[in-house]
Each structure stands twice: as C-alpha cells, then as structure tokens.
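Presented below is the structure to which this report refers.
Protein chains in written order, with the UniProt record's numbering: chain A, 1 to 507; chain B, 1 to 128.
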C-alpha cells in the first residue's frame, strides 16, 4: 500500500532542515524563507491527507514497500489526522511570527525544521520502536532550540531537560523491549492482535511494559512528578521556541501515550488489569492539582504558563486513562485546544516582552491600555484556558468532566472543576493586573506616561517600521489564534462526528 | 546447600545477563542522580542506555544459534539469533551518540560561562 504523502510529510522537513545550513554557507538569512516554504507545503500536504481521511478513513503507507511484518508502517487515522493538522497550523503560525520576532540564524531554522519532521513522525508512525526514534529526534531538536539564544541559563535548562527527557525515552525503550520479548513484533496493529492471543493482558511482561511506557511517556508529557524540566525549559528558551515546544512537543508526548494505550494495549487491557488504568488516572489527577497550585505561586508569566501546562496535560492523560467515548473526545479536543492556546499565549507573552522587555506578573500592570490588541487577545486566551465558554478550553474540559462522570469517576470530574477554580485564581490575578492595577509604583512596569517603555507596539505610525521590535504581523498572529480558540469552542459536534470512526475502532 | 541458595545459584547462572543489565541500569541511574559533576552525569546516562542495549542483545541471543544471515548456496537455516533487536540497538546507539554530543556541547558552553562542572556551584551562581 503506497501512499507516499505520509512519508513526504516526514521527509520534506527533514530534508529541508539541511538546506538552511548548506545555503547559509553562501547566503545570509535564508532560513526563514526555507522554513516558510516548508511550512506551507506541510500545511497543503496535511490538508490533502485530512481530506482523504474524511473520505476513506484510516490508511497506511509501507515504507520501502515492505509489508508490516518486516517493514515500518506509517498510519493515519482520524486521531493522527487531527494531530498533524495541529502541527501544520501551529508551525505556519510560529514561522509567521518568527519573521520579525524570532531568532534569525540559519542554524535555528535547521533545528526548527528537524523538530517539525520529528513531530510529524511521532504523529504518523505505526511502529513502537520507530516512535522511540522520532521521539528522540523531537527531543534532540528541542534541546538544541531551548539553548538557541546562547545564554548560560538556557544551556543549563536545556541540559536538565536533556537528562530527564533521555531517561524518560530510555524507559520507554525498556517497555518496547518487554513488548518485543513477549510478542516478537513491533508493529502496533500486530501487537494489539498478538498480546491477547499469545500471552494475555495479565502477563507480567505486558504489565511491566505498560508501566515503563507510561512512565517514560509521562516524562515527555510533563505529568507530575515527572514535570521538573518544564518550568526552566519554557522560561529560559527564546519566546518563539517556547511557543512552538509548548504547543507541540509535550502534546506529541501525550499523543504517543494515547496512541500506545489505545492502539497497542487497547481498553481491554484496562479491563483485565484495572490497576493500570486507575494508576494512570490517579497520577494524572494529582498532576492537575499540583500543576495548578504551582502555577498560582509563580511570579514570572512564562513559568506560570509552564506549570499550567502540567495541569492541562494531567487533564488530558486522565481523559485517556478513563477510556470512555466522551472522555476520549475530550482528551483529543483539549490536546488540540491546549496546543493552540498555549502557542498563542507564549507568542503573546513574546510580543509584550519584545515591546517592553517585561516578564513578571507585577510588571504587566496597566498594560491593557498601552497595548490594547495584544493584551485583549492574551486576556481572551487566558479565559479560554480557565474554560469560560465559548472557547475550545471549555469544550475540552466539558467533555472530560462528562466522560469522567460516565466512567464512574466523579472524583476526576470534581478535580477538573476544582482546577478550573485554581486556574481562575492565577488567570484573574494577571487579568486584574493588566487592566485595573496602576503601574506607577511598580519597578519595571510600563507607566501611563510612557516611563519604562522601550518601544511602541500595536501598529502605531508606520514610518520607523524597521526600528519597532513588534510588527503588525506578530500581533495579528496572536489575535487570529485567540479568535480561532474562541471559534473552535462551537466545533464540538464537528470534532465528535470526525472522530467517530476512530472511537468506534478503539473502544 | 540449602534450597534457597541452590535456586539463587541456578538463577544467577542462567539469568546472569539480565542481572548485569539491572545492575548497570541502577548504577547509571544513581550516577545521573547523585553525581554533581555534569560530565559524570552524562557518563551515567550513557551507562543507563548501554544497559538497555545489552538487554536487547541478551534477548536476541539463541543458545547455539548462528548469525542471522541466509547462506548463498541455500540449504536449511538452523537456529539463529534474532536480527531485529540488533537493528534496534544499532539505531538506538546512533540516537545515544547524538544525545551525548548535544549534552557535551551544552556542557562546554556551561563551563565557558561558569568555569566549573559542578552542578551545585553552577546553581548557586545562576540563582544569584
């Protein structure tokens, strides 16, 4: 079965990743055009793949023409179609932002495109070992990008992330080894069929492999207490990088976990070994509370948003662990919603940081009147993060809470609601600071008479265009994403109808 | 010899490869956590990964098996070692080497900035 567009989705960015470095020998600043072109091609390819999935459902590509017993399969079904469209859209948005806002070195764009290829690979692979390789490509590129602004603190954050992330990926590899010992195959479809036939779900090898895989991928998805890398990695990396990895890197970690749970172990495993599912949900639930509490006590905006990711991914993994139809839809919707909202929020924080050079919650005082458009977009996204309807944040939480009640786990539903209150706590603090806090007494804040202002933002007069660090495009990107996050709040039935074949196949 | 000791000896003599793997895993993990020296942390990480590679190799071993190559003159292929884990280990080694390279590059930069490889000292300086 040859559907080369799946292979092209992965191959094009990886090949394109070599071009900025090669062309950089002769030309300067070729990185951005190459990245923009690749992002455009990827979006078009992803669009054609999605339209085919809508028409025909799941389809596969056998790499090198080898059937799946020997070769590696690339698979796209409704779930991966959603994820690769998210990757394509976020990539395009971040590239658009990076034209003015981001690092301009050619090496940066090489790593960026490599990361894109790795993310696509995680999204499309149907082979558990191949998944490890792509996760490590994602990891490698991410570690390089986190340290991209060459500061020593970023290097330290990156090294910490590298050690924790590699340990996590290695644990995943141990789990893959156990699966191979138990069944002799690495293909997800074959594994799902072989496990119940040959060894059974309760075999110690299978249970142990699940533990290793779940712990390893939880590191990638930043589930408490395996989240320790996230705050430094997000806070110290350049704003463009933070937006990209917060939107996609952990998202693909959570996707990998869901893919393994549903395509390899299948919900029947949870029925045979109830402790496995319960433990996953329990850890995720603790993660929701711990992440929210940690976010509340932060004073740095980027760190606050980083810890908020721990809570949101806890919610997503809890949804995957519950394994009911509503919860699964909720998990997928929240995965997409969180990816879009966090990308937009970090881009918004980047706009503010490059306009005024401010980073802490207190310094945001009165900002709503200096940068009305950017701050209004951030405010809308923050409310989406809380889960105020109509927004995709509300939609995801609604389905997850509904699914939790359906699965007979009212505690999870209660925790989701409780975390909403905690989210409101740190979001409201920022909103109040931005709109109702006078800036006069706060060190480093941007006051009404312009003291502390580095440069204007939000358009303004166009004559000194090259001087201003914030372009109209950067603000536009953030605003457009906030509108999208609100508009997608109405897309619940669309998601449900689109994901229906996938849900029927796995549940 | 008591029954327990007998079974322990039997376990060690038949499963020594896996015992070695677990020992190496534990040593590598301990180095990663306990050593304040960044380079030693990376060595620990490598040890941890090597243990996993050995696990795959041990799993592929077949007692009395030959190499997984089909002879050109045809003929029956007897028992042979599984080639799949060996391919996996090759790939995983490449991944591990790249990770080590990135880690060492970061350490070089940290050393240039802080003049030390001691994690605790770096943390103290960085937090000031």
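By construction, the Cβ of each residue, glycine as well, lies at the ideal position given by its N, Cα and C atoms.
Roughly how many angstroms separate the alpha carbons of residue i and residue j, rounded to a whole number?
i, j, result
"residue 491 of chain A", "residue 82 of chain A", "13 angstroms"
"residue 111 of chain B", "residue 109 of chain A", "26 angstroms"
"residue 428 of chain A", "residue 374 of chain A", "17 angstroms"
"residue 147 of chain A", "residue 69 of chain B", "45 angstroms"
"residue 238 of chain A", "residue 346 of chain A", "10 angstroms"
"residue 91 of chain A", "residue 244 of chain A", "7 angstroms"
"residue 5 of chain A", "residue 442 of chain A", "54 angstroms"
"residue 459 of chain A", "residue 472 of chain A", "Reliability fails at residue 459 of chain A, whose pLDDT of 44 lies under 50, so the model's placement of it is uncertain and no value is given."
"residue 233 of chain A", "residue 227 of chain A", "11 angstroms"
"residue 14 of chain A", "residue 113 of chain A", "6 angstroms"
"residue 481 of chain A", "residue 45 of chain A", "21 angstroms"
"residue 198 of chain A", "residue 281 of chain A", "28 angstroms"
"residue 381 of chain A", "residue 388 of chain A", "10 angstroms"
"residue 9 of chain B", "residue 58 of chain B", "19 angstroms"
"residue 111 of chain A", "residue 188 of chain A", "29 angstroms"
"residue 365 of chain A", "residue 419 of chain A", "25 angstroms"
"residue 149 of chain A", "residue 102 of chain A", "10 angstroms"
"residue 479 of chain A", "residue 470 of chain A", "14 angstroms"
"residue 79 of chain B", "residue 63 of chain B", "8 angstroms"
"residue 305 of chain A", "residue 295 of chain A", "7 angstroms"
"residue 486 of chain A", "residue 54 of chain A", "24 angstroms"
"residue 8 of chain A", "residue 125 of chain B", "47 angstroms"
"residue 164 of chain A", "residue 41 of chain B", "11 angstroms"
"residue 398 of chain A", "residue 285 of chain A", "16 angstroms"
"residue 121 of chain B", "residue 37 of chain B", "10 angstroms"
"residue 69 of chain A", "residue 185 of chain A", "8 angstroms"
"residue 15 of chain B", "residue 231 of chain A", "42 angstroms"
"residue 457 of chain A", "residue 378 of chain A", "Here residue 457 of chain A scores only 44 on pLDDT, less than 50, and its place in the model is too uncertain to base an answer on."
"residue 496 of chain A", "residue 439 of chain A", "46 angstroms"
"residue 337 of chain A", "residue 500 of chain A", "19 angstroms"
"residue 312 of chain A", "residue 12 of chain B", "46 angstroms"
Residues bridged to residue i by DSSP?
i, result
"residue 66 of chain B", "B/80"
"residue 37 of chain B", "B/118"
"residue 74 of chain A", "A/61 and A/125"
"residue 360 of chain A", "A/300"
"residue 187 of chain A", "A/127"
Note the first and the last residue of the continuous alpha helix (DSSP H) segment covering residue i.
i, result
"residue 259 of chain A", "239 to 259"
"residue 539 of chain A", "Because chain A here runs from 1 to 507, residue 539 of chain A falls outside it and cannot be looked at."
"residue 422 of chain A", "410 to 436"
"residue 534 of chain A", "Any question about residue 534 of chain A goes unanswered here, given that chain A covers just 1 to 507."
"residue 73 of chain B", "Run containing residue 73 of chain B: none; DSSP gives neither H nor E here."
"residue 9 of chain B", "3 to 14"
"residue 228 of chain A", "Per DSSP, residue 228 of chain A belongs to no alpha helix (DSSP H) and is neither H nor E."
"residue 52 of chain A", "31 to 56"
"residue 10 of chain A", "4 to 24"
"residue 509 of chain A", "With chain A represented from 1 up to 507, any question about residue 509 of chain A goes unanswered, as that position is not in the structure."
"residue 217 of chain A", "204 to 221"
"residue 372 of chain A", "372 to 386"
"residue 405 of chain A", "392 to 406"
Taking 8 angstroms as the threshold, find out whether the stretch 489 to 507 of chain A comes into contact with the stretch 317 to 333 of chain A through three or more Cβ pairs. yes
Three or more C-beta pairs closer than 8 angstroms, one from the stretch 248 to 268 of chain A and one from the stretch 315 to 322 of chain A: is that the case here? yes
Taking Cβ-Cβ distances below 8 angstroms as the criterion, which residues of the stretch 231 to 249 of chain A are in contact with chain B? none
To be precise: take each residue of the stretch 148 to 162 of chain A, compare its Cβ to all Cβ atoms of chain B, and keep it if any distance is under 7 angstroms. Which residues remain? 152, 153, 155, 156, 158, 159 and 162
Using a Cβ distance threshold of 8 angstroms, determine whether the stretch 358 to 370 of chain A contacts the stretch 330 to 348 of chain A, with at least three qualifying pairs required. no
Within 8 angstroms, do at least three Cβ pairs link the stretch 266 to 276 of chain A to the stretch 113 to 130 of chain A? no
Please determine if the stretch 13 to 23 of chain B and the stretch 138 to 153 of chain A are in contact, where contact requires at least 3 C-beta pairs separated by less than 8 angstroms. no
Chain B contacts made by the stretch 119 to 142 of chain A, where a contact means CB separation under 7 angstroms: 129, 133, 136 and 140
When you check each C-beta in the stretch 53 to 68 of chain B against every C-beta of chain A, which residues fall closer than 8 angstroms? 55, 56 and 59
Does the structure place the stretch 28 to 41 of chain A close enough to the stretch 125 to 133 of chain A that three or more beta carbon pairs sit under 8 angstroms? no
Given 8 angstroms, three or more beta-carbon pairs between the stretch 299 to 306 of chain A and the stretch 193 to 209 of chain A: no
Mind the definition here: the stretch 167 to 176 of chain A touches the stretch 49 to 65 of chain B only if three or more C-beta pairs lie below 8 angstroms; say whether that holds. yes
Between the stretch 42 to 53 of chain B and chain A, which residues of the former have a C-beta closer than 7 angstroms to a C-beta of the latter? 45, 48, 49 and 52
Would you say the stretch 95 to 113 of chain B touches the stretch 153 to 169 of chain A, given that touching needs at least three Cβ pairs under 8 angstroms? yes
Is it true that the stretch 217 to 224 of chain A meets the stretch 256 to 266 of chain A, where meeting means three or more beta-carbon pairs spaced less than 8 angstroms apart? yes
Residues, ordered as in the chain, of the stretch 1 to 27 of chain B that lie near chain A by beta-carbon distance below 7 angstroms: none
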